[in-house]
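Student: From first to last, the protein sequence lines are chains A and B.
Each position in the first sequence, counted from 1, maps to that position plus 248 in the numbering used here.
Under the numbering used here, the residue at position 311 of the second sequence is numbered 302, and the numbers go up by one with no gaps.
For every residue, glycine included, the Cβ atom is placed at its ideal position computed from N, Cα and C.
Dumping the structure here so I can ask a few things about it.
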Amino acid sequence: MNVIEASGLGKRYGSTWALRECTLAIPAGHVAALVGPNGAGKTTLLNLAVGLAAPSAGVVTVLGGRPAGSLAALDGIAFVAQDTPVYKNLSAADMLHLTRNLNRRFDQRYAEARLGELGIPLKRKAGRLSGGQQAQLALTLALARRPRLLLLDEPVAMLDPIARHDFMATVLLAAADDGVSVVLSSHVLTELERVADYLILMSRGRVQVAGEVDDLLASHRMLTGPAAETDLFASRPVVHVRRAEAQAHLMVRATAGDPVPPGWEAHPVGLEELALAYLREPAAAALPGPARGRGTQLSEVTK
Amino acid sequence: MTTLTIPARPEEDTSPRPVPWRRMAWVTWRQHRIALAGVAAVLGALAVCLWLVGLHVHHVYAAAIACRPAGSIGCSDLVYSFNGMDTFMTNGFVMDAVPALIGAFVGAPVLARELETGTFRYAWTQGFGRWRWTLGKLVPLAVVVAAAAGAFSVLLSWYYQPYIAAGNQALSLNEWSPLAGGLFPLRGVAFAAWTLAVFAIGALAGMLIRRIIPAIAATLAVYTGLTFAAGLYLRQHYLTPLVARNLLNPPSSAWIISQWWTKGGKFSFAGDPNADGMPRMNFLQQVCPHISLGPGSGKLSPTAVLQCFSQHGYAMLTSYQPASRFWPLQWIEGGWLLALSVLLIAATVWLVRRRAT
Chain A
249 MNVIEASGLG
259 KRYGSTWALR
269 ECTLAIPAGH
279 VAALVGPNGA
289 GKTTLLNLAV
299 GLAAPSAGVV
309 TVLGGRPAGS
319 LAALDGIAFV
329 AQDTPVYKNL
339 SAADMLHLTR
349 NLNRRFDQRY
359 AEARLGELGI
369 PLKRKAGRLS
379 GGQQAQLALT
389 LALARRPRLL
399 LLDEPVAMLD
409 PIARHDFMAT
419 VLLAAADDGV
429 SVVLSSHVLT
439 ELERVADYLI
449 LMSRGRVQVA
459 GEVDDLLASH
469 RMLTGPAAET
479 DLFASRPVVH
489 VRRAEAQAHL
499 MVRATAGDPV
509 PPGWEAHPVG
519 LEELALAYLR
529 EPAAAALPGP
539 ARGRGTQLSE
549 VTK
Chain B
-8 MTTLTIPARP
2 EEDTSPRPVP
12 WRRMAWVTWR
22 QHRIALAGVA
32 AVLGALAVCL
42 WLVGLHVHHV
52 YAAAIACRPA
62 GSIGCSDLVY
72 SFNGMDTFMT
82 NGFVMDAVPA
92 LIGAFVGAPV
102 LARELETGTF
112 RYAWTQGFGR
122 WRWTLGKLVP
132 LAVVVAAAAG
142 AFSVLLSWYY
152 QPYIAAGNQA
162 LSLNEWSPLA
172 GGLFPLRGVA
182 FAAWTLAVFA
192 IGALAGMLIR
202 RIIPAIAATL
212 AVYTGLTFAA
222 GLYLRQHYLT
232 PLVARNLLNP
242 PSSAWIISQW
252 WTKGGKFSFA
262 GDPNADGMPR
272 MNFLQQVCPH
282 ISLGPGSGKL
292 SPTAVLQCFS
302 QHGYAMLTSY
312 QPASRFWPLQ
322 WIEGGWLLAL
332 SVLLIAATVW
342 LVRRRAT
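Structure, rendered in structure tokens:
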């Protein structure tokens, strides 16, 4: 089952496409990271998936074919929006009560126990909680609904490192223990490896890379060799070229078994390195499916 | 680090039963109880004022009509005293603002606050569903503000009773038509209907404008336009006005819409609205110079004017709505306002369902 499935999905604001030609299938059971620079279309994609925005083109379904925003879809999805909005004039206890009344399932005991553990007083107005506490409150409300899919839009952007760590720990625990599928957007690349096992890289309103982290890492290599010889790779899918004096670093699509030319060294890549390489080459793409999924040729990326 | 785990989910369900409506009632109450308390406080304070002043008005009125012999100095004092109370509350325009203020301050923030603070991203992604959430908020709030306004207008009806009682005119007491512009919307079903309509306008404005203060301002502006349009142009056409020929001294309870003169069955000229529909002075002197006002000759006699103009082939026509049409006109006004409100609320729900960020 795919937790989010988009086909030809696009969203236009005025004359600007925030997202276009997005075809994507995120399988269940992953913690998927939606990565890209600001304005890449991450929030737009999440808003479309949760029904807060209506597509200008294409379709998006969730949880195995349910139309985004339908009652059946909302029943199984919990969404924590950017800046984790809560009603500032309501107490934490009221927020629990509110969420309980607005959903078919709500685990009051879990929610209360979690807030207790976090040291968030039930009586305190949400507006008087710290940013980290508000984020934790919003996450608690989302998890207590026992969703099958948890969508988080830039959940940790506003948090300090400790709050960020605690927040992600909670998310990962829910994913591990309950099998909640998670899709989270972030422009923070650090910690990505620890958190995500599925990567969707977006830039300029398009999906650039999508796939399981293990597969992506296994299919990319960093080659280092003499800068004069980069032409050797004219026929290989190169993602990104970085030159330093006489040496060139090439990120190519290759597995560990692929032959390495003489005078060159091959190294495995890290997730952050891979993401950065693609983000620096918005024209490169690595997408599943036979029709797409070719990196650009060397001739295009060497200037 | 937390050690809590989440219990297993129940069976997956692709077409879940919706969350029951009654659970939304608590949500609506919890989030809008302060606004509703504000409405109750304002109406309560006004009600106390109306009650105290109204008791006095009723008391003086009862004394004035019971006073014998009519025309004596004592009775004239009472009449003078009653007519002199024609201030503050009797000036209906103060009360005409009440439906607008209630409607705008309760209606406009319902959606505008969510959109302005971003909490709509919480509210509209809960399992209850966004259009159901909208309906579950707007309908109960609309019913409550309309009911509160309805109850308040019962008090207003009581308060204004002495001013519209038949027979006041004969006793030189002020008598207003129940159809008069400032008074008609305060009584019957109109007051509640206007409150409901402004609430609905506010809800839609909040959805469209997405900010509380501008939405309230827009709502009040739309209300002002609508209430003037209704009072000046629409209301008189709800039912075809009656037309009377050569009607002098129409009853005070009637709502005079226009007066004009004809000659040979054709429109000749409009009557002067400031002089009971009599011809304007320059024309009067032209047609009937002998009855024009000489120096110190006192008031012009309408009977004499009519007689003279009739001899010259003129007829005076008066179109009016009789007071007996109060309830039919009330139901018509209440009806279209209710229809408008339903339409606006439906449009708001549709927009929430359809239009997104």
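Check whether the Cβ atoms of residue 403/A and residue 109/B sit closer than 9 Å, and answer yes or no.
Tutor: Contact flag unset, no.
Student: Just the Cα atoms here: how many angstroms apart are residue 217/B and residue 123/B?
Tutor: Taking the straight line from one Cα to the other gives about 29 Å.
Student: Helix, strand or coil for residue 222/B per DSSP?
Tutor: Looking at residue 222/B - three-state DSSP - the assignment turns out to be helix.
Student: Let me know the secondary structure DSSP gives residue 119/B once reduced to three states.
Tutor: Three-state DSSP puts residue 119/B in coil, outside helix and strand.
Student: Against chain B, does residue 335/A count as a neighbour if the rule is that its beta carbon must be under 9 Å from one of theirs?
Tutor: Yes, because at least one Cβ of chain B sits closer than 9 Å to the Cβ of residue 335/A.
Student: Quick one, are the C-beta atoms of residue 521/A and residue 470/A less than 9 Å apart?
Tutor: Yes, they are a contact pair.
Student: Under DSSP, the beta strand (DSSP E) around residue 260/B begins and ends at which residues?
Tutor: Residues 257 to 261.
Student: For residue 381/A, decide whether its Cβ has a neighbour in chain B, counting only Cβ atoms nearer than 9 Å.
Tutor: Not one chain B Cβ lies under 9 Å of residue 381/A.
Student: Can you tell me whether residue 326/A is buried or exposed? The criterion is at least 16 other CB atoms within 10 Å of its CB, across all chains shown.
Tutor: Residue 326/A comes out buried.
Student: Cβ of residue 252/A less than 9 Å from any chain B Cβ?
Tutor: So no, residue 252/A is outside the interface.
Student: Less than 9 Å between CB atoms is the rule here; does residue 351/A satisfy it with respect to chain B?
Tutor: By this cut-off, residue 351/A is an interface position.
Student: Run the CB neighbour count on residue 52/B, radius 10 Å, all protein chains shown included, and call it buried at 16 or more, exposed below.
Tutor: Counting Cβ neighbours within 10 Å, residue 52/B comes out buried, since at least 16 surround it.
Student: Since residue 29/B meets chain A, which of its residues come closer than 7 Å, beta carbon to beta carbon?
Tutor: The contacting residues do not exist; residue 29/B stays about 14 Å from chain A at best.
Student: Got a sec, what are the start and stop residues for the alpha helix (DSSP H) residue 295/A sits in?
Tutor: Element bounds for residue 295/A: 290 to 298.
Student: Inspect the beta-carbon positions of residue 200/B and residue 136/B and report whether they are closer than 9 Å.
Tutor: No, the Cβ-Cβ distance between residue 200/B and residue 136/B is not below 9 Å.
Student: Terminal residues of the continuous beta strand (DSSP E) containing residue 373/B?
Tutor: Within the shown structure, residues of chain B are numbered from -8 to 348, placing residue 373/B beyond reach of any answer.
Student: In chain order, what residues of the same chain have a beta carbon less than 7 Å from the beta carbon of residue 348/A, not counting five sequence neighbours either side?
Tutor: 354, 356.
Student: For residue 481/A, decide whether its Cβ has a neighbour in chain B, counting only Cβ atoms nearer than 9 Å.
Tutor: No, residue 481/A does not count as interfacial toward chain B.
Student: Examine chain A for any beta-carbon lying closer than 9 Å to the beta-carbon of residue -7/B, and answer yes or no.
Tutor: With a pLDDT of only 48 at residue -7/B, under the threshold of 50, the placement of this residue in the model should not be trusted, and no figure is reported.
Student: Quick one: any contact between the segment 281 to 289 of chain A and the segment 301 to 312 of chain A, if contact means 3 or more CB pairs under 8 Å?
Tutor: Taking 8 Å as the limit for Cβ pairs, the verdict is that the segment 301 to 312 of chain A does not touch the segment 281 to 289 of chain A.
Student: Would the segment 227 to 238 of chain B count as touching the segment 97 to 106 of chain B if we require 3 or more Cβ pairs under 8 Å?
Tutor: Judged by Cβ distances under 8 Å, the segment 227 to 238 of chain B makes no contact with the segment 97 to 106 of chain B, as fewer than three pairs qualify.
Student: If we define contact as Cβ-Cβ less than 9 Å, is residue 108/B a contact residue for chain A?
Tutor: At least one chain A Cβ lies under 9 Å of residue 108/B.
Student: Check whether the Cβ of residue 264/B lies closer than 9 Å to any Cβ atom in chain A.
Tutor: Taking Cβ atoms only, chain A never reaches closer than 9 Å to residue 264/B, which makes this a no.
Student: Consult DSSP for residue 166/B and reduce its assignment to one of helix, strand or coil.
Tutor: Of the three classes helix, strand and coil, the one that applies to residue 166/B here is coil, per DSSP.
Student: Between residue 38/B and the rest of its own chain, which residues show a CB-CB distance below 8 Å, the 5 nearest in sequence each way excluded?
Tutor: Around residue 38/B: 143, 146.
Student: Is the shortest distance between the beta-carbon of residue 497/A and the beta-carbons of chain B less than 9 Å?
Tutor: No, no contact with chain B.
Student: With a threshold of 6 Å on Cβ separation, who are the neighbours of residue 460/A within its own chain once the five nearest residues in sequence on each side are excluded?
Tutor: 446, listed in sequence order.
Student: Under 8 Å: do the segment 161 to 180 of chain B and the segment 305 to 322 of chain B share three or more Cβ pairs, one atom per stretch?
Tutor: Yes: the two stretches touch, three or more of their Cβ pairs being nearer than 8 Å.
Student: Taking DSSP as the reference, what is the three-state secondary structure of residue 549/A?
Tutor: Caution applies to residue 549/A, whose pLDDT of 35 falls short of 50 and renders its modelled position unreliable; the model cannot decide the point.
Student: Given a cut-off of 9 Å on the beta-carbon distance, is the pair residue 177/B and residue 86/B in contact?
Tutor: Yes, these two residues count as a Cβ contact at 9 Å.
Student: For the candidate residues 495/A, 352/A, 291/A, 283/A, whose alpha-carbon lies nearest to that of residue 265/A?
Tutor: Nearest option by C-alpha distance: 291/A.
Student: Where do the N-terminal and C-terminal ends of the alpha helix (DSSP H) with residue 73/B fall, by residue?
Tutor: First-last of the alpha helix (DSSP H) with residue 73/B: 64 to 74.
Student: The alpha helix (DSSP H) spanning residue 413/A covers which residue range?
Tutor: Note, residue 413/A: alpha helix (DSSP H), 409 to 426.
Student: If you measure between the beta carbons of residue 466/A and residue 283/A, is that distance less than 9 Å?
Tutor: Not a contact, by the Cβ cut-off of 9 Å.
Student: Keeping to the same chain, check which residues put their C-beta closer than 7 Å to that of residue 341/A; ignore five residues upstream and five downstream.
Tutor: Cβ within range, chain order: 370, 371.
Student: Does the segment 59 to 79 of chain B come close enough to the segment 145 to 164 of chain B to have 3 or more Cβ pairs within less than 8 Å?
Tutor: Touching, yes, given that three or more Cβ pairs across the two stretches are closer than 8 Å.
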